[in-house]
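Q: Quick one: this structure, given as structure tokens, is what I'll be asking you about.
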Amino acid sequence: AQSVTQPDIHITVSEGASLELRCNYSYGATPYLFWYVQSPGQGLQLLLKYFSGDTLVQGIKGFEAEFKRSQSSFNLRKPSVHWSDAAEYFCAVGGGTSYGKLTFGQGTILTVHP
Amino acid sequence: EAEVAQSPRYKITEKSQAVAFWCDPISGHATLYWYRQILGQGPELLVQFQDESVVDDSQLPKDRFSAERLKGVDSTLKIQPAELGDSAMYLCASSLARGSFTGELFFGEGSRLTVL
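In the order they appear, the protein sequences are chains A and B.
Numbering-wise, the first sequence is residues 494 to 607 according to this note's numbering.
Numbering-wise, the second sequence is residues 3 to 118 according to this note's numbering.
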């Protein structure tokens with residue numbers, strides 16, 4: 494069974510500081526990995542995805558993530574956080590045989606201090 | 003920009019009542035998903051359609067939940083009777099995928115259900 498763990502429920506950073514959100518996954522085959530962002534009361538928006546190839550992937554809004562197979566991790570990073578990045582972030586895993594089923598982590602709430 | 007439409011955005015009901023949610027996916031998207039998101043948790047898949055067929059409803063509580071996508075376009079998720087534990091955000095998503103996973107799911111803004 495596939496699963497995702499996001500160890501940090503809540504992270505607070507200052508505007509302009511760097512950010513790293515952790516994600517560990519469990520999947521029996523080559524995983525497809527995703528980061529989604531959710532603003533309060535809204536649906537989810539895709540930030541970036543990894544299918545294959547370069548293990549460092551770039552996404553929207555200046556985010557990037559690195560796939561590390563040996564650590565079963567897919568951590569999200571941003572070099573300089575903006576106040577508008579405050580939201581909840583979800584890591585998700587899926588695969589080619591699951592007809593698009595995504596399994597989500599429990600989410601990390603990001604608070605940005607001015 | 004095309005969006006996934008959901009209604010109603012908010013629904014308050016009393017337990018034992020029936021409730022229904024509607025979703026209209028992005029035009030041309032073959033696959034439609036209903037996810038449930040309990041406050042403080044990540045979304046959990048309830049049911050997945052490819053065109054009008056259910057391909058995964060393993061997590062759908064079938065004694066009270068039902069879902070249909072009769073013409074392979076829009077979809078309805080019904081709960082009858084509603085229970086207190088059903089209070090959650092119900093998210094609909096769609097994707098182009100047909101037969102194999104190709105990538106991004108597009109989510110609607112969700113329907114927030116409160117059961118009193």
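For every residue, glycine included, the Cβ atom is placed at its ideal position computed from N, Cα and C.
Fair warning: this is a prediction, and the values are worked out from it, not measured in the lab.
#1: Can you tell which of ALA494/A, LEU512/A, PHE597/A, SER566/A has its C-alpha closest to the C-alpha of HIS575/A?
#2: Since GLN599/A meets chain B, which of its residues come closer than 7 Å, beta carbon to beta carbon?
#3: Suppose the cutoff is 8 Å on Cβ atoms and the five residues either side in sequence are ignored; what does the same chain contact list for ILE504/A look like?
#4: Determine the direct distance from the alpha carbon of PHE23/B to that of CYS584/A, and round the result to whole angstroms.
#5: For VAL57/B, I'd like the list of residues in its chain whose CB is within less than 6 Å of its CB, leaving aside the five on either flank, ordered along the chain.
#6: Is the number of C-beta pairs between the segment 565-581 of chain A and the segment 4-16 of chain B that are closer than 8 Å three or more?
#7: In the segment 532-552 of chain A, which residues sit with their C-beta less than 8 Å from some C-beta in chain B, listed in chain order?
#8: Would you tell me roughly how many angstroms separate the C-alpha atoms of GLN61/B and ALA510/A, rounded to the nearest one?
#9: Shorter than 8 Å from the beta carbon of LYS554/A to some beta carbon of chain B?
#10: Considering only the alpha carbon of each residue, which of VAL550/A, LYS594/A, ALA558/A lies closest to CYS516/A?
#11: 8 Å is my cut-off, CB to CB: does GLN82/B come that close to chain A?
#12: State the Cα-Cα distance for the pair TYR98/B and GLU54/B, rounded to the nearest angstrom.
#13: Below 7 Å CB to CB, which residues in the same chain sit around LEU549/A once its five sequence neighbours on both sides are set aside?
#14: Got a sec? Which residues, its chain only, sit under 8 Å from LYS17/B by beta carbon, not counting five neighbours each side?
#15: Our contact map puts TYR525/A next to PHE544/A with C-beta atoms below 8 Å; I'd like the distance itself, whole angstroms only.
#16: Within this structure, are the beta carbons of TYR518/A and PHE567/A separated by less than 8 Å?
#17: Under 8 Å, do ALA20/B and LYS80/B count as touching if we go by C-beta distance?
#18: Closer than 8 Å, CB to CB, is LEU514/A near chain B or not?
A: Answer, in terms of the structure:
#1: LEU512/A
#2: GLN43, GLY44
#3: LEU512, LEU514, THR601, ILE602, LEU603, THR604
#4: 26 Å
#5: GLN50
#6: no
#7: GLY534, GLN535, GLY536, LEU537, GLN538, LEU539, LYS542, PHE544
#8: 40 Å
#9: no
#10: ALA558/A
#11: no
#12: Residue identity differs from the one stated: residue 98/B is Leu in this sequence, not Tyr. Between LEU98/B and GLU54/B, the C-alpha separation is close to 14 Å.
#13: GLU557, GLU559
#14: PRO83, ALA84, GLU85, LEU86, VAL117, LEU118
#15: 5 Å
#16: yes
#17: yes
#18: no
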